[in-house]
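Please read the structure below before turning to the comments.
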Amino acid sequence: MPEGAGAAPAVVPRTRSLSRLRAAATECRACDLYRDATQTVFGAGPRDAPLMIVGETPGDVEDRDGRPFTGPAGRLLDRALAEAGLTREDAYVSNAVKHFKFHREGKRRIHEKPDAGQISACRPWLRAELAAVRPRVLVVLGATAAASILGRSFRVTKHHGIPLEWADYAADSPLTTPDGPPIDDAVVVATVHPSAVLRSRDREAAYAGFVADLRAVAEVLS
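Position one of the sequence shown corresponds to residue 2 (this note's numbering), numbered consecutively onward.
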């Protein structure tokens, strides 16, 4: 069995009900990450949110809490959103992969980047979330989320902070199926993942750049 593969493809209900999608996702066995993770960490936020934010994968804190972006990266995200004139309450927040991937070092659980098979296995859930929320603006945090939504050739370093039209990427998006894309239109803004800001040698400069990218989002929504 290929790395990241599970027993069967994800069975995603045809519904725009986030509560039904969340309940169904708890039973997902489409990749192997469910075996070691505490729980599925589905997206959170209002279905009519004008803003949808997508990161990579839950971290250690999120795996225990069952909610996305509640750890250090989430706290930094909340602070940056506030400085940019945005709030978490107006956003639906999720991840490209819904289970925590990690290895152990003593008692610590150390985050690992999900592989291509795991990202692909979880993509139907992300597609369903996007189709349910239908945001005006979609914020993509980091390379993994960008690859899942915009394709592997997309470079966050090149396009960060620039409002892009979803229509220009929809045809080649990995989220587009024979049934069509999950949404018809939206503005997409890519930026770094907040965990990259926390790891940066020049955290102050990285944080300022992150906030500047989010201010571009606020301008689109204003």
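Glycine is no exception: its CB is placed at the ideal position from the N, C-alpha and C atoms. In this text, all values refer to a predicted model and were calculated from it rather than measured experimentally.
Alpha-carbon to alpha-carbon, residue j and residue i
i	j	result
residue 31	residue 122	6 Å
residue 151	residue 128	12 Å
residue 142	residue 97	10 Å
residue 75	residue 172	31 Å
residue 144	residue 59	15 Å
residue 168	residue 183	11 Å
residue 181	residue 109	42 Å
residue 126	residue 43	9 Å
residue 155	residue 47	28 Å
residue 11	residue 113	22 Å
residue 49	residue 132	11 Å
Beta-carbon spacing of residue i, residue j below 8 Å
i	j	result
residue 77	residue 195	yes
residue 124	residue 176	yes
residue 101	residue 38	yes
residue 147	residue 157	yes
residue 111	residue 149	no
Beta-carbon contacts of residue i that lie in its chain and below 6 Å, excluding the five residues immediately before and after
i	result
residue 1	Given that the chain is displayed from residue 2 to residue 223, the structure contains no residue 1 and the question cannot be resolved.
Secondary structure of residue i, DSSP reduced to three states
i	result
residue 177	coil
residue 87	coil
residue 220	helix
8 Å Cβ shell around residue i - same chain, five flanking residues per side excluded
i	result
residue 221	137, 138, 164, 188, 190
Residues near residue i in its chain [Cβ-Cβ closer than 7 Å; skip 5 each side]
i	result
residue 214	161, 162, 190, 192
residue 94	44, 45, 46, 54, 69, 70
* Inspect the CB distances between the region 145–164 and the region 188–199 and report whether three or more fall short of 8 Å. => yes
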